[in-house]
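Residue numbers (numbering that gives the first Met the number 0), protein chains in the order written: chain A, 0 to 302; chain B, 0 to 302; chain C, 0 to 302.
Using N, Cα and C, we set each Cβ at its ideal position, and we do this for glycine too.
Written out below as C-alpha cells is the structure these notes cover.
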Amino acid sequence: MSHLLSVDQFDIQSIADLFALTEKIETAPRGTYKVASSSVLTNLFYEPSTRTSSSFHSAMARLGGSVISINDVSFSSVSKGETLEDTIQVMAQYSDVIVLRHPDKGSAARAARVSKVPIINGGDGVGEHPTQALLDLYTIHKHKSLDQPLSIALVGDLKHGRTVHSLLKLLRMYDVQIHLVSPPGFLMPPELTQTQDVWHRDLHGCIQDVDVVYMTRVQKERIQDATLLQQISNYGISLELMQLARPDMILMHPLPRVDELPTCLDADPRSKYFEQTGNGLLVRQAIFYSLFGMPIPCWRPVS
Amino acid sequence: MSHLLSVDQFDIQSIADLFALTEKIETAPRGTYKVASSSVLTNLFYEPSTRTSSSFHSAMARLGGSVISINDVSFSSVSKGETLEDTIQVMAQYSDVIVLRHPDKGSAARAARVSKVPIINGGDGVGEHPTQALLDLYTIHKHKSLDQPLSIALVGDLKHGRTVHSLLKLLRMYDVQIHLVSPPGFLMPPELTQTQDVWHRDLHGCIQDVDVVYMTRVQKERIQDATLLQQISNYGISLELMQLARPDMILMHPLPRVDELPTCLDADPRSKYFEQTGNGLLVRQAIFYSLFGMPIPCWRPVS
Amino acid sequence: MSHLLSVDQFDIQSIADLFALTEKIETAPRGTYKVASSSVLTNLFYEPSTRTSSSFHSAMARLGGSVISINDVSFSSVSKGETLEDTIQVMAQYSDVIVLRHPDKGSAARAARVSKVPIINGGDGVGEHPTQALLDLYTIHKHKSLDQPLSIALVGDLKHGRTVHSLLKLLRMYDVQIHLVSPPGFLMPPELTQTQDVWHRDLHGCIQDVDVVYMTRVQKERIQDATLLQQISNYGISLELMQLARPDMILMHPLPRVDELPTCLDADPRSKYFEQTGNGLLVRQAIFYSLFGMPIPCWRPVS
Numbered sequence: 000m001s002h003l004l005s006v007d008q009f010d011i012q013s014i015a016d017l018f019a020l021t022e023k024i025e026t027a028p029r030g031t032y033k034v035a036s037s038s039v040l041t042n043l044f045y046e047p048s049t050r051t052s053s054s055f056h057s058a059m060a061r062l063g064g065s066v067i068s069i070n071d072v073s074f075s076s077v078s079k080g081e082t083l084e085d086t087i088q089v090m091a092q093y094s095d096v097i098v099l100r101h102p103d104k105g106s107a108a109r110a111a112r113v114s115k116v117p118i119i120n121g122g123d124g125v126g127e128h129p130t131q132a133l134l135d136l137y138t139i140h141k142h143k144s145l146d147q148p149l150s151i152a153l154v155g156d157l158k159h160g161r162t163v164h165s166l167l168k169l170l171r172m173y174d175v176q177i178h179l180v181s182p183p184g185f186l187m188p189p190e191l192t193q194t195q196d197v198w199h200r201d202l203h204g205c206i207q208d209v210d211v212v213y214m215t216r217v218q219k220e221r222i223q224d225a226t227l228l229q230q231i232s233n234y235g236i237s238l239e240l241m242q243l244a245r246p247d248m249i250l251m252h253p254l255p256r257v258d259e260l261p262t263c264l265d266a267d268p269r270s271k272y273f274e275q276t277g278n279g280l281l282v283r284q285a286i287f288y289s290l291f292g293m294p295i296p297c298w299r300p301v302s
Numbered sequence: 000m001s002h003l004l005s006v007d008q009f010d011i012q013s014i015a016d017l018f019a020l021t022e023k024i025e026t027a028p029r030g031t032y033k034v035a036s037s038s039v040l041t042n043l044f045y046e047p048s049t050r051t052s053s054s055f056h057s058a059m060a061r062l063g064g065s066v067i068s069i070n071d072v073s074f075s076s077v078s079k080g081e082t083l084e085d086t087i088q089v090m091a092q093y094s095d096v097i098v099l100r101h102p103d104k105g106s107a108a109r110a111a112r113v114s115k116v117p118i119i120n121g122g123d124g125v126g127e128h129p130t131q132a133l134l135d136l137y138t139i140h141k142h143k144s145l146d147q148p149l150s151i152a153l154v155g156d157l158k159h160g161r162t163v164h165s166l167l168k169l170l171r172m173y174d175v176q177i178h179l180v181s182p183p184g185f186l187m188p189p190e191l192t193q194t195q196d197v198w199h200r201d202l203h204g205c206i207q208d209v210d211v212v213y214m215t216r217v218q219k220e221r222i223q224d225a226t227l228l229q230q231i232s233n234y235g236i237s238l239e240l241m242q243l244a245r246p247d248m249i250l251m252h253p254l255p256r257v258d259e260l261p262t263c264l265d266a267d268p269r270s271k272y273f274e275q276t277g278n279g280l281l282v283r284q285a286i287f288y289s290l291f292g293m294p295i296p297c298w299r300p301v302s
Numbered sequence: 000m001s002h003l004l005s006v007d008q009f010d011i012q013s014i015a016d017l018f019a020l021t022e023k024i025e026t027a028p029r030g031t032y033k034v035a036s037s038s039v040l041t042n043l044f045y046e047p048s049t050r051t052s053s054s055f056h057s058a059m060a061r062l063g064g065s066v067i068s069i070n071d072v073s074f075s076s077v078s079k080g081e082t083l084e085d086t087i088q089v090m091a092q093y094s095d096v097i098v099l100r101h102p103d104k105g106s107a108a109r110a111a112r113v114s115k116v117p118i119i120n121g122g123d124g125v126g127e128h129p130t131q132a133l134l135d136l137y138t139i140h141k142h143k144s145l146d147q148p149l150s151i152a153l154v155g156d157l158k159h160g161r162t163v164h165s166l167l168k169l170l171r172m173y174d175v176q177i178h179l180v181s182p183p184g185f186l187m188p189p190e191l192t193q194t195q196d197v198w199h200r201d202l203h204g205c206i207q208d209v210d211v212v213y214m215t216r217v218q219k220e221r222i223q224d225a226t227l228l229q230q231i232s233n234y235g236i237s238l239e240l241m242q243l244a245r246p247d248m249i250l251m252h253p254l255p256r257v258d259e260l261p262t263c264l265d266a267d268p269r270s271k272y273f274e275q276t277g278n279g280l281l282v283r284q285a286i287f288y289s290l291f292g293m294p295i296p297c298w299r300p301v302s
C-alpha cells in the first residue's frame, strides 16, 4: 500500500525521484497531467487548517481530480460516536486517497491500518507532517545544490516545532552543517541533535555563515510561562540581521508569521517564504502524481 | 420532472433497471461515464450529515460533475429570513440537481413544487430517505437473489428508524419473510406491519433462520425515558449470535454504529456494512446517471 | 493585471463586450466553453455569503474549473494572527483567481496590491460589489434596450444599499430617468444624485411611468432607531401597485427578500428576480471567460 506517513519512508534516491517529478510538473504547461481525473480526494481534518487543506485541494484539482473537504470533524456529524477507524473505513469507500489531519500522534498510522485507499499524513499532532518537510527541502533544493556542503540555521522555538523536527530528519541525509538558534527554554530535543551541530543563543552568531535561515513560527498562545514568553517574544529576524547575511542566503518560514518575520523583508529577493508555500502545491502534485500516474510511488511502503 | 422523493416512485421493474445500471457502473473502468460533465450538484443540508453529503459528492465527481456543498444551512446566510421555497428557487438557478436534507417531513415535496431542477430527497425528518433504502436493497440483491424467497430480520429500534421504514416498503414488493426484532418499547408501527410478519423479543428467536440481519443504530441521545433506554442498551448482535447464524447470512448496518455492533465482527466475511456504504456511492452514481445520461430516469414521476 | 474591483473599470463599450460574451455563453450548449479547465478559484469570504459564493462556484464549474471555498475566514485558521495581505499572498500561490468578500471598504484594493493572481471584489463592506451591479444591468438589458431612453425606479433603503449605489453608477452611462423612492430617513446620498432625478415618498408617484422597478432588501436587523424602523417597515411593492404598473414593466430585487416583496407576485410574468439571480451565474461565467479564455479582459485595469 502507498500510505505516506513519515519522512522516514524516504531516502536520498526517492527524494531525488520525487523532486524530478516535481520539476517536471512545475515546467509543464498547465493541464498537461490529468492523472487524477475521475479520482476523489477526501481532506479529513479533525482540526482545521485551511492553508494545508487548500494546498492539497489545489494540487488535486490541477491534476484533474475532485475534493471532498471535511474541516473540523470534531464538530461534524462524521465523528458522532464514531471511532477514527470507522470514519476512515467509511470515507475510504467514497475516496481514492485521504489526507488526514488529526491532533493525536500515531493517528495516521492507525488510519493506514484499516484504510483500503492511501492515507497521507497531513499532520498528526506532535508526530509528523511529512509533506511540509518535503516542500521545505524542495525549496532548499531549488536554490542550493543538495550535492554540495550546506550550512543551515534553524531558528526560534526548536523544542515544539513538528515542522522543524521533520525537516531536520531529512537534512541529516545530506552534507549539512546545522546551526541550532533558540532561546534556552526552546532548545532542540537532545535525541534529535548530533555532536557536530553548533548551538547559538541568537542569529548574530551564525547569520554571516549560513546558506539558509529557516525561521519557525512563535506560537505565543501555547506558552503559559511568563519567563519563557519573554524569551521568545521578538526573537526573530530583522533588517539589520539581513544586512549581515550572505547575498545568496535564502530566508524561509512555514507561515503564518507573527512578529518574528517583519513584512519589511518581503521585498528582499532572498526572502523565499511565499515561494515556499507555492512549492507545497508542486510537491503535493508530485505526490498525487505518484499515486495516480505511476505504477508505484517513489517512497518506501510503511513498515 | 425527475424529482426523487420517495421509494413509492419505484416498482419491481424500475428497481431492476436501476440495479442493472448500478452494476454497469460498478464493473466499468473508472471514468467511463462522464455524463455529468459541466453539471453542478448542490448539496443543500439544513442539518449536517457529512456522510450522506460525501457519498452524493463523490458520486457526482465520479461522473465528471461538480458539487456546491452547503452544510448546516440553518446557521448559514442562505436561510437568513428566507423560506425554503425561495432558497430552492435561488439555488436551482445555480445547479442542475439539488440533494435536500431537511428536518421537516414533506420538505422535499415542498422544494419539488417550486424547483426548476430535480430534487433528490436526502432525508426529510421522519419522512423518507429513499437512496438509503435503495442502497440497502442493492446490497441484499448483490448477495441474495430477490427472485427467490428470502428471510430478513430487522433489528433494534424499529419505531423511529426512517431507514428501516423505507427499506421495509421496498422489501414488501418481493417474496420476503420479515422478522421484526425489537424491545417492547421500540416496536415497528402497526400500519407498516402485515399479519405474516414474525415478531421477536431478541435475535435468538430467528438468527439461525434468516438470510439477512439488518441492524439499526441506537440513537441513545434521543431517548429520555430511563426504562426505554435500558431496554435498548446493549440490544445488539454478538460473536455468540453470529455463531448461531447461517454461513451465508449477511449482516448489515447503516452506520455509524454504537455498541449494538461490536468491531470484533468486522473480520467476519458475513459482515457487509462497509461494502453497504460503498454501494451507496454506486447507487447514487446510477441515480445521477439516470438524470444526466438518459432520456428519462427509471423511477416514476412524483404524482 | 486583471483585477475587477469596481464598476468604474467599465464604460459603455466594455459593458457591451461583456454582455455580448454573456449572451454567447447563455445560448451555447452546456460545456461548450471549458476555458477554466485545470484552473482553481478560491472563494475567500471573510463574512459568509453562501448565495454569492455559490454563484461564483457554479460559474467556475460550468467553465471546467475547480473551487476552494473558504467561508467565514474570521473563524478559520487562515486568519489566525495573519494580515489580509499575507493570506492573499498565500492563497494566490494555490489559485488562479480569488473572489474576495470582506467587511472593510478598500480591502479588495489592498488585496490587489499584493496578489499575483486576479482579485474579484465580491463585496467590500460599504464599498462595491461590481458583479452584482453588472448582473442587475444585464437583466435590464435582456428586457429593455439600453440604447433607448429608460425610466427606472430605485425603491426602499437607498441610503445604505451598496447594491443600488453601484447600479446607479452604471445607469448614469445611459439615457435613464432615475426615480428615487424612499422614506425620508433612507434617502440616496446627495453625492450620488443629479438634478434631473425625481424624488418620491412612495411608489404611487411613479409606478405607472417606469420601465423598471428595482426593489432593495430592508435589513431591519441593522436599524436601531424605532422611528426609522417604522418608516421602512412594510415599505414595499404590492398586488395593488402592480396593477398600476405598465404591462411591460419589469420588477427586480437582489434577494433574499423580506416583507417588501410578497410571494403572491412570483406568478406575475413581470417579476424577474429569480431570472436576475440566474443572470448572475451567466455574467460571472463571462467574467471568468474574460480572465481565462481571452488575451485581456474587457474591463479597464485598476488605476
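(Q) Using the Cβ count rule (16 or more neighbours within 10 Å means buried), how would you classify PRO296/A? (A) With 16 or more other Cβ atoms within 10 Å, it is buried.
(Q) Closer than 9 Å between beta carbons: that is the criterion. Which residues of the stretch 237-255 of chain B meet it against chain A? (A) Within the stretch 237-255 of chain B, the qualifying residues are LEU254 and PRO255.
Q: Can you tell me the Cβ-Cβ gap for VAL211/B and MET251/B, rounded? I've got them flagged as a contact below 8 Å.
A: Contact holds; Cβ gap of about 6 Å.
Q: Name the residue from MET248/C, MET0/C and ILE231/C whose alpha carbon lies nearest to the alpha carbon of VAL113/C.
A: Selected option, being the one with the closest Cα: MET0/C.
**Q.** Euclidean distance between Cα positions of GLY124/A and ILE222/B
**A.** Spanning the two alpha carbons is a distance of roughly 36 Å.
Q. Cα-Cα, which of LEU169/C, VAL6/C and GLY64/C is closest to ARG29/A?
A. Ranking the options by Cα distance to ARG29/A, first place goes to GLY64/C.
Q) Leaving out five residues before and five after PRO303/B in sequence, what residues of the same chain have Cβ atoms less than 7 Å from its Cβ? A) For chain B, the structure presents residues 0 to 302; residue 303/B sits outside this window and is missing.
Q.
Using a Cβ-Cβ cutoff of less than 6 Å, which residues in the same chain neighbour THR51/C once the five nearest sequence positions on both sides are dropped?
A. Excluding positions up to five away in sequence, the list reads GLY121.
Q | Minimum Cβ-Cβ distance from GLU46/B to chain C less than 9 Å | A | Residue-level contact check: GLU46/B does not touch chain C, since none of the beta carbons of chain C fall below 9 Å from its beta carbon.
Q. Helix, strand or coil: how does DSSP classify LEU157/C here?
A. Coil at LEU157/C, not helix or strand.
Q) What residue ranges within the stretch 213-272 of chain B form continuous beta strand (DSSP E) runs of no fewer than 3 residues, ordered along the chain? A) Those beta strand (DSSP E) runs which fall completely within the stretch 213-272 of chain B and span 3+ residues are 249-251.
Q.
Which of the three DSSP states is assigned to ASN70/B in this structure?
A. ASN70/B: coil per DSSP, three-state reduction.
Q. Taking Cβ positions, are LYS143/B and LEU149/B nearer each other than 9 Å?
A. Result yes, Cβ atoms of LYS143/B and LEU149/B sit closer than 9 Å.
Q | Nearest neighbour of GLY160/B, chosen from ALA108/B, HIS128/B, ILE67/B and ILE24/B [CA to CA] | A | Nearest to GLY160/B by C-alpha distance, out of ALA108/B, HIS128/B, ILE67/B and ILE24/B, is HIS128/B.
Q. Exposed or buried, what is ILE11/C when buried is set at 16 or more other beta-carbons lying within 10 Å of its beta-carbon?
A. Per the 10 Å Cβ criterion, exposed.
Q: With GLN176/C as the anchor, note down where its alpha helix (DSSP H) starts and where it stops.
A: DSSP places GLN176/C outside any alpha helix (DSSP H); the residue lies instead in the beta strand (DSSP E), whose first and last residues are 175-180.
Q) Hey, would you say LEU169/B sits closer than 9 Å to LEU133/B, going by beta carbons? A) In this structure, LEU133/B lies closer than 9 Å to LEU169/B by Cβ.
(Q) Just verifying my parser: in three-state terms, what is the DSSP assignment at ALA132/B? (A) Here ALA132/B sits in helix by DSSP.
Q) Are the stretch 260-267 of chain A and the stretch 180-194 of chain A touching by the rule of at least three beta carbon pairs closer than 8 Å? A) With a cut-off of 8 Å, the stretch 180-194 of chain A and the stretch 260-267 of chain A do not count as touching, because too few Cβ pairs lie within range.
Q. Near THR41/C, which residues of its chain fall below 6 Å by C-beta distance, leaving aside the five closest residues on each side in sequence?
A. These residues qualify, in order along the chain: ILE67, MET90, SER94 and ILE97.
Q: Please decide whether LEU41/B counts as near chain C, where near means a Cβ-Cβ distance under 9 Å.
A: As written in the sequence, residue 41/B is Thr, which differs from the Leu given in the question. Closer than 9 Å: yes.
Q) Where does the unbroken beta strand (DSSP E) through ASP123/B begin, and where does it stop? A) Per DSSP, ASP123/B belongs to the beta strand (DSSP E) from 118-123.
Q | Proximity to LEU17/C [Cα-Cα], best of VAL301/C, SER302/C and MET293/C | A | Of the listed residues, the one whose Cα sits closest to LEU17/C is MET293/C.
Q | Contacts around GLY126/A, its chain only, beta-carbon distance under 6 Å, and the 5 residues preceding and following it disregarded | A | Excluding residues within five positions, the ones whose Cβ falls inside 6 Å are LYS104.
Q. In its own chain, which residues sit with a C-beta less than 6 Å from the C-beta of GLN88/B, not counting the 5 before and 5 after it?
A. For GLN88/B, where only same-chain residues beyond five positions count, the Cβ hits under 6 Å are VAL113.
**Q.** Neighbour list for ALA60/C in chain B, Cβ cutoff strictly below 7 Å
**A.** Neighbours of ALA60/C in chain B, taken as residues whose beta carbon is under 7 Å from its own, are VAL39 and SER65 in chain order.
Q: Could you please give me the residues that DSSP links to SER65/B through a beta bridge?
A: Note: SER65/B sits in a beta bridge opposite VAL39/B.
Q) Within this structure, are the beta carbons of PHE287/B and ALA58/B separated by less than 9 Å? A) Cβ distance < 9 Å, so PHE287/B and ALA58/B count as in contact.
Q) Quick one: Cα of LEU281/B to Cα of LEU136/B, how far? A) Going from the Cα of LEU281/B to the Cα of LEU136/B covers about 12 Å.
Q: Leaving aside the five residues before and after MET172/C along the sequence, list all residues of the same chain whose C-beta is less than 6 Å from its C-beta, in chain order.
A: Taken in chain order, the residues that qualify are ILE11.
(Q) Tell me the DSSP secondary structure of LEU149/C in three-state form. (A) In the structure shown, LEU149/C adopts extended strand secondary structure according to DSSP, grouped into three states.
(Q) Could you check whether the Cβ of ARG354/A sits closer than 9 Å to any Cβ belonging to chain C? (A) Here chain A covers residues 0 to 302 and nothing more, so residue 354/A does not appear.
Q) Just by C-beta distance, which residues in the stretch 262-285 of chain B are closer than 7 Å to chain A? A) Against chain A - using a Cβ distance shorter than 7 Å - the residues of the stretch 262-285 of chain B are PHE273, THR276, GLY277 and LEU280.
Q.
Please report the distance separating the alpha-carbon of VAL116/C from that of ALA110/C.
A. Cα to Cα, VAL116/C sits roughly 10 Å from ALA110/C.
Q) In three-state terms, what does DSSP make of ARG303/B? A) Because chain B in this structure spans residues 0 to 302, residue 303/B falls outside the shown range and cannot be described.
Q: Taking the CB atoms as reference points, tell me whether THR31/B and ALA285/B lie closer together than 9 Å.
A: Contact annotation: THR31/B and ALA285/B have beta-carbon atoms that are not nearer than 9 Å.
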